[in-house]
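There are 2 protein chains.
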Amino acid sequence: MVEQKLKAKNRSPGRPPRADTFGNASDLRDSILDHAELAFAVAGFEGANLREIASLAGVNQALIRYYFGSKADLFDECFRRRGGLLAGHRHVNLDRLLEISENPSVEDLVYAYLKPQWDMKYSSPNGAAFVAMQARLHAEPEEHALRLRREVYDASVKRYISALSQVLPQVPKDIISVRMAFLVGAYLFMLNDLGRIGDLTEGHLTSFGKDEMLDQLVRFLAAGLRAPA
Amino acid sequence: MVEQKLKAKNRSPGRPPRADTFGNASDLRDSILDHAELAFAVAGFEGANLREIASLAGVNQALIRYYFGSKADLFDECFRRRGGLLAGHRHVNLDRLLEISENPSVEDLVYAYLKPQWDMKYSSPNGAAFVAMQARLHAEPEEHALRLRREVYDASVKRYISALSQVLPQVPKDIISVRMAFLVGAYLFMLNDLGRIGDLTEGHLTSFGKDEMLDQLVRFLAAGLRAPA
DNA sequence: CTTGTTATTATTCAAATGAATAATTAACAT
DNA sequence: ATGTTAATTATTCATTTGAATAATAACAAG
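If you're matching them up, the sequences are chains A and B in order.
Throughout the first sequence, residue numbering follows the UniProt record's numbering, covering 1 to 229 in sequence.
Throughout the second sequence, residue numbering follows the UniProt record's numbering, covering 1 to 229 in sequence.
Rendered as structure tokens:
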């Protein structure tokens, strides 16, 4: 719209003077990642544009290449950064749950799985962006996207499948696996779509708060997982 | 990979002679839509490329413009064509169901909703492409994507919500609405992801046939919809 | 101090891409 | 016959874009 020049900071070339403000180890690198995350979220991989990312991050475009290599590499790094965090949280949650009791409820398990990403979404604009990024990634058929998802998430998903399988001995494990896929679909979609969901509820606008919405989702999914095979 | 020239058919310019084979009203137009559908499915809106679509469809690139206008318009038309069909099938299925009985089972309703797209996916490569396209569209945050989805699907979704609400009087209607959103998420994701789902099932590869998989999904979702509020 | 390495910018390159225009030919109406 | 409209191609245009290179400054090591 506005004919903005989108020019990066007007710093002169060359290594910048060491900032004495402390604690800024590779500050720009992170800034790039943050803005890339946002860009990928709203525009998708193809739609995002390196010039704009660079400019918003306040760096020269070539710096992206310097740190990350290609656009695809940048995307991967974005994804790994938060994805790893997420997977980590899930592991921790499961550990805790199993510590407390050998047979947690299905609801507890589902909740433990969903909560980390839920929190991430509402923790910051970047958290929300990551959720969107992920939703898009799941819709992409490319082999590369698939590998990335697997790399980041497979281990934790498998652990949850095992745990669920133990809590639901009536349901064969391969059915649990399939249901876990349903679960992922429902929650990703939902998380990404929240806010638009109101449209379906005609007049009486859904006044669910986020927490209540999460509860609803957990209840729904737990019931599905429990369904007699 | 191969340095293919991707050149369109070598027809001379000018209006083509009327084909006497009968029934080819605007043959090329359809060919464009078919190939666009495939392209959008694998590459997404931004990733798809008009030159390639034209070449695969065997037409000159300018013909796309002639028929559809811009790239965005082409996308919309793709979406409306099949989306309308789908929505239509859903309406018909619901009509039939309500004719037979005033209180169909939740399973029947869910099945009636899902089956048309399921069939579409397996009817042809283009049907599958449309499913993928749709999954991607749902992950896009753009206002435009949202409007399109609403235009094509809202009416039928609302009818199903009403029907479900009648069959499940214990569950408040706005909770049904929300659960319907979960349902859409789960089935879209699943439909698009089928085939990769096997990866989660460790050794014992999911030998679910497509029909059995649909049954599984219906059972899962019906249980979720029924869950006590 | 000199020299090499790291982090950063300015500038250039080459390709891809959506859009637009002009040309051409068949069908159709009068 | 003839002029108009419809359908199609060939060609050109302007911009965007990811990538690459060259220049520059700070810092670290000897």
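The beta-carbon is built from N, C-alpha and C at its ideal position, and this holds for glycine as well.
Quick caveat: nothing in here was measured; it's all calculated off a predicted structure.
Asked: Inter-residue spacing [alpha-carbon to alpha-carbon] between residue 29 of chain B and residue 78 of chain A; Found: 41 angstroms
Asked: Short Cβ contact (9 angstroms threshold) for residue 136 of chain A with residue 41 of chain A; Found: yes
Asked: When B:73, B:34, B:81 and B:50 are compared against residue 152 of chain B, the one with the closest alpha-carbon; Found: B:81
Asked: For residue 103 of chain B, three-class secondary structure by DSSP; Found: coil
Asked: Within 8 angstroms of chain B by C-beta, residues of the segment 144–176 of chain A in sequence order; Found: 146, 150, 154, 157, 158, 161, 173, 174 and 175
Asked: Min CB distance residue 193 of chain B to chain A below 9 angstroms; Found: yes
Asked: Proximal residues, the segment 46–65 of chain B versus chain A, C-beta separation under 7 angstroms; Found: 46 and 47
Asked: Contacts around residue 218 of chain B, its chain only, beta-carbon distance under 8 angstroms, and the 5 residues preceding and following it disregarded; Found: 107, 110, 111 and 114
Asked: Backbone secondary structure at residue 18 of chain B - three-state DSSP; Found: coil
Asked: Endpoints, the alpha helix (DSSP H) within which residue 126 of chain A is located; Found: 125–139
Asked: Stretch-stretch touch, CB-based, cutoff 8 angstroms, three pairs: the segment 65–74 of chain B with the segment 53–72 of chain A; Found: no
Asked: DSSP-derived helix/strand/coil call for residue 228 of chain B; Found: coil
Asked: Pairwise C-alpha distance: residue 225 of chain B and residue 170 of chain A; Found: 21 angstroms
Asked: Expected contact under 8 angstroms - CB spacing of residue 118 of chain A and residue 214 of chain A to nearest Å; Found: 5 angstroms
Asked: Closest Cα partner of residue 57 of chain B within the set B:208, B:85, B:34 and B:165; Found: B:34
Asked: First and last residue of the uninterrupted alpha helix (DSSP H) at residue 168 of chain B; Found: Neither: residue 168 of chain B is in no alpha helix (DSSP H) and is coded neither H nor E.
Asked: Selection from B:155, B:11 and B:52 that minimises the alpha carbon distance to residue 89 of chain B; Found: B:155
Asked: Residues from the segment 71–83 of chain A in contact with chain B, defined by Cβ distance under 9 angstroms; Found: none
Asked: Beta carbon proximity, residue 224 of chain B to chain A, threshold 9 angstroms; Found: yes
Asked: Near-chain A residues of the segment 117–133 of chain B (beta-carbon distance less than 7 angstroms), N- to C-terminal order; Found: 132
Asked: Any alpha helix (DSSP H) of 4 or more consecutive residues that is wholly inside the UniProt domain "HTH tetR-type" (26–86) of chain A; Found: 27–47, 50–57 and 61–68
Asked: Cross-chain neighbours of residue 44 of chain A in chain B, by beta carbon under 9 angstroms; Found: 44, 45, 46, 47, 136, 139 and 140
Asked: Exposure label - residue 172 of chain B; buried when at least 16 CB within 10 Å; Found: exposed
Asked: At least three beta-carbon pairs within less than 8 angstroms, the segment 131–148 of chain A to the segment 131–149 of chain B; Found: yes
Asked: Whole-angstrom distance between residue 83 of chain A and residue 162 of chain A, CA atom to CA atom; Found: 21 angstroms
Asked: Contact residues within the segment 206–221 of chain B, judged by C-beta distance below 9 angstroms to chain A; Found: 206, 207, 208, 213, 216, 217, 219, 220 and 221
Asked: Cβ-based burial, residue 149 of chain B [other Cβ within 10 Å; buried from 16]; Found: buried
Asked: Pick from B:59, B:47, B:50 and B:220 that is closest to residue 13 of chain B, judged by C-alpha positions; Found: B:59
Asked: Local conformation of residue 208 of chain A per DSSP, three classes; Found: coil
Asked: Cβ-Cβ separation, residue 145 of chain A to residue 192 of chain A (assumed contact under 8 angstroms), whole Å; Found: Actually they are not in contact, since the Cβ atoms of residue 192 of chain A and residue 145 of chain A sit about 16 angstroms apart, beyond 8 angstroms.
Asked: Cβ neighbours of residue 221 of chain B in the same chain (closer than 7 angstroms, five flanking residues each side left out); Found: 110, 183 and 186
Asked: Coarse secondary structure for residue 177 of chain A, derived from DSSP in three states; Found: helix
Asked: Assigned secondary structure, residue 11 of chain B (DSSP; H/G/I helix, E/B strand, else coil); Found: coil
Asked: Own chain, CB closer than 6 angstroms to residue 48 of chain A, minus 5 neighbours either side, in chain order; Found: 39 and 40
Asked: Proximity winner among A:52, A:16, A:102 and A:190, relative to residue 167 of chain A (alpha-carbon distances); Found: A:102
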